[in-house]
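Reviewing the structure listed below.
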Amino acid sequence: MPARPRLLAAAGPAAAALIGGLSTDPDSRWFRSLDKPSWYPPPQTFGIVWTALYAGTAWAAGEVLSHAEPASRRSFARAYAVNLVLNTAWTPLFFRAHRPWAATVECAALTVSTVDLVRRAAAVSSPAAAVLVPYAGWTAFATALSAAIARRT
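89 is the number that the UniProt record's numbering gives to position 89 of the sequence shown; each next residue is one higher, with no gaps.
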């Protein structure tokens, strides 16, 4: 297996995690004052879930980029880059800009993008697609959670 596609695939989630971590401020007065739904997960859940999702996403993308035919590889790489930009943008939009509705719309786009990644991965590697399914599920959950918070603001 070529190492370069796997390293490139891992760099994206690592950068998204770094930027997201630096942009998140759950201790801010603004965030603490938000009326969160009763089904809002315990705070430690987010770090645990995102660590697993980013690891899985990096592996799955590396798998697809290593095994896809050139045209599919380029198409997947573009979709993956868009997905990572959308993934990275949510945190500053929500926590720094304090724009829950904009973050909800952005998160819905992220969910659509993630479902598209699953579809693209499935054409190359069933295991890679299966690993991306929880990411799609979590982004859908995050969209619902963002919307629930936005409705309360």
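C-beta: ideal position from N, C-alpha, C; glycine also.
Boundaries of the alpha helix (DSSP H) around H67: Q44 to H67. A contact is defined here as three or more CB-CB pairs under 8 Å, and the region 7-22 meets this definition with respect to the region 75-87.
Under the three-state reduction of DSSP output, T143 falls in the helix class.
DSSP, read as helix, strand or coil, puts A123 in coil. Every unbroken stretch of the alpha helix (DSSP H) spanning 4 or more residues and falling wholly within the region 79-126 is given here in chain order: 100-122. In the three-state reduction of the DSSP assignment, P134 falls in the helix class, which pools H, G and I. Taken atom to atom, the span from the alpha-carbon of A55 to that of L84 is near 13 Å. For T143, the closest alpha carbon among the candidates C107, G137, G47 and I149 is that of C107. Between A60 and L132, the beta carbon gap of about 5 Å places them in contact (Cβ cut-off 8 Å).
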